[in-house]
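Residue numbers (this note's numbering): 87 to 453.
Okay, here's the thing in C-alpha cells:
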C-alpha cells in the first residue's frame, strides 16, 4: 500500500464540499451516496472533513464520519471517527501520522486503528519512502506490526525515471517471509508535450516464470495540460486483446478547478455510468495556490476477521492474492466491503480500482 499525492490546484477559490453519486441501473438515474464538507485553517489547508451518507428511503443526509488534520513543521496527523447513531456520538476509527523531511517530502507514514475494548490506538502498518537527488520518489516499503509488536515486511515498490525526471516504470514486490517476489511492473510512455500518455502493467506468473499483460491505462489531456479523460483496459488472455474496462471524464470551471469527475464501466459494448464526484468551491481574495495532504489507501479493520472495508474503492471488481503470488479470487463487483470467509490466517494483497480510476495495491492481514 502506498500513499498517493492529493494536490488540488485552486485559483482564487477553495474547495468547500463534494458529493459522490452512483448510477442506479434499474431506475437509470444518479443517486446520492456521500457528501463531504471541508473546513480549512488560516493557511487554507484542509483541516476538517465532515461526511454524510444519503438515506434514499428518507431522502435526507445523515451523519457518517468526521476527520481532522493537524499540521506541524514536519508532520501531519489525520484522525477519522465514525458516527454511531445509537449513541449519537463519534467513535475513533483510524489515525494516520505522516512525517516529512526538510524538502517537505513524505518519508514515513503510520496507520493506527482504534481498540474500543482497550480504549487505545494500536499501530498496525507503516510505510517508508526514499528519494533520489532530484527529489523523485524511488522506493516505497510497507510493513505490518502484529499483536506481539513485531514488524514484518509486506510489500515494496521501486520506481525508475528518465533524464527528464519522468517516471518510466515501477516494480511492485511482495514479501514471502524470506525474500521479495515480483508481483506487478509498469511501463510509462509520454506524448510530445511530455505528458504521460500510457501506463502498461504486467503481472508476474510464477508458474510460467514470465510477465503477462495485465492492464493498460491511457490518459488524454486538454491544451492546458489538465487531464480530460482516461481509459482503463484489461488484458483478455483468451482473445489476447485489450478490452475496455472503465473510463473517467474530468470537467473544470473557467479557473481550471476540477468540478466533476465521472466514471463509466464498459458493459455490452457500451459505456454505463458508475460513479460521479462533484466538487464545489468558494472565492478567496488570494492569488493562485496549491494545497493538499497525503492520502492513503485505507483498509479497516486490519488485521481483519470476517470482512474488510476499503475506504477509497470504487466498488467495482477486485483480485485477491496471497503473498506467494497465487491468485485466489476474482470478483467483478463489490470491492468496497469484502467478505473473508474461508481464507486461512495470513497476509493477502488486494488489487482494485480506486475512486479516481487508478489501480491500487493494498496489503492486509487475515487473523
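Every residue gets a Cβ at the ideal spot worked out from N, C-alpha and C, and that includes glycine.
Every value quoted in this text rests on a predicted model; they were computed, and no experiment measured them.
Does the Cβ of residue i have 16 or more other Cβ atoms within 10 Å, making it buried, or fewer, making it exposed?
{"i": "residue 289", "result": "buried"}
{"i": "residue 368", "result": "exposed"}
{"i": "residue 105", "result": "buried"}
{"i": "residue 360", "result": "buried"}
{"i": "residue 190", "result": "exposed"}
{"i": "residue 235", "result": "exposed"}
{"i": "residue 379", "result": "Low local confidence applies: a pLDDT of 35 at residue 379 is under 50, so the model's placement there is unreliable, with the coordinate-based value given in what follows. Flag for residue 379 reads buried."}
{"i": "residue 277", "result": "exposed"}
{"i": "residue 232", "result": "exposed"}
{"i": "residue 331", "result": "buried"}
{"i": "residue 241", "result": "buried"}
Got a sec? Which residues, its chain only, sit under 6 Å from residue i by beta carbon, not counting five neighbours each side?
{"i": "residue 246", "result": "254, 255"}
{"i": "residue 156", "result": "163"}
{"i": "residue 413", "result": "407"}
{"i": "residue 225", "result": "216, 244"}
{"i": "residue 211", "result": "197, 230"}
{"i": "residue 335", "result": "315, 348"}
Expressed to the nearest angstrom, what Euclidean distance is found between the alpha-carbon atoms of residue i and residue j?
{"i": "residue 266", "j": "residue 214", "result": "16 Å"}
{"i": "residue 333", "j": "residue 349", "result": "6 Å"}
{"i": "residue 310", "j": "residue 338", "result": "11 Å"}
{"i": "residue 436", "j": "residue 427", "result": "15 Å"}
{"i": "residue 291", "j": "residue 347", "result": "34 Å"}
{"i": "residue 193", "j": "residue 448", "result": "19 Å"}
{"i": "residue 129", "j": "residue 416", "result": "45 Å"}
{"i": "residue 262", "j": "residue 148", "result": "43 Å"}
{"i": "residue 172", "j": "residue 178", "result": "15 Å"}
Residue i bridges to which residues according to DSSP?
{"i": "residue 105", "result": "121, 364"}
{"i": "residue 164", "result": "155, 182"}
{"i": "residue 268", "result": "259"}
{"i": "residue 195", "result": "184, 213"}
{"i": "residue 452", "result": "390, 432"}
{"i": "residue 358", "result": "351"}
Give every residue of the same chain whose Cβ lies closer than 7 Å to the Cβ of residue i, excluding the five residues on either side of it in the sequence, and list them in chain order.
{"i": "residue 174", "result": "none"}
{"i": "residue 308", "result": "314"}
{"i": "residue 328", "result": "302, 319, 321"}
{"i": "residue 103", "result": "121, 122, 123, 124, 366"}
{"i": "residue 160", "result": "185, 186"}
{"i": "residue 119", "result": "106, 107, 108, 140"}
Taking residue i as the reference, which of the options has the closest Cα?
{"i": "residue 209", "options": "217, 182, 191, 186", "result": "182"}
{"i": "residue 297", "options": "270, 282, 285", "result": "270"}
{"i": "residue 151", "options": "129, 144, 176", "result": "176"}
{"i": "residue 257", "options": "395, 403, 251, 273", "result": "273"}
{"i": "residue 135", "options": "149, 144, 145, 153", "result": "153"}
{"i": "residue 113", "options": "142, 146, 450", "result": "142"}
{"i": "residue 283", "options": "100, 356, 305, 241", "result": "305"}
{"i": "residue 252", "options": "118, 140, 221, 450", "result": "221"}
Tell me which same chain residues have a C-beta within less than 8 Å of the C-beta of residue i, skipping the five on either side of it?
{"i": "residue 115", "result": "109"}
I want to see whether chain D comes within less than 7 Å of residue i, judged by CB atoms only; does it?
{"i": "residue 347", "result": "Given the protein chain composition of this structure (a single chain), no chain D is represented."}
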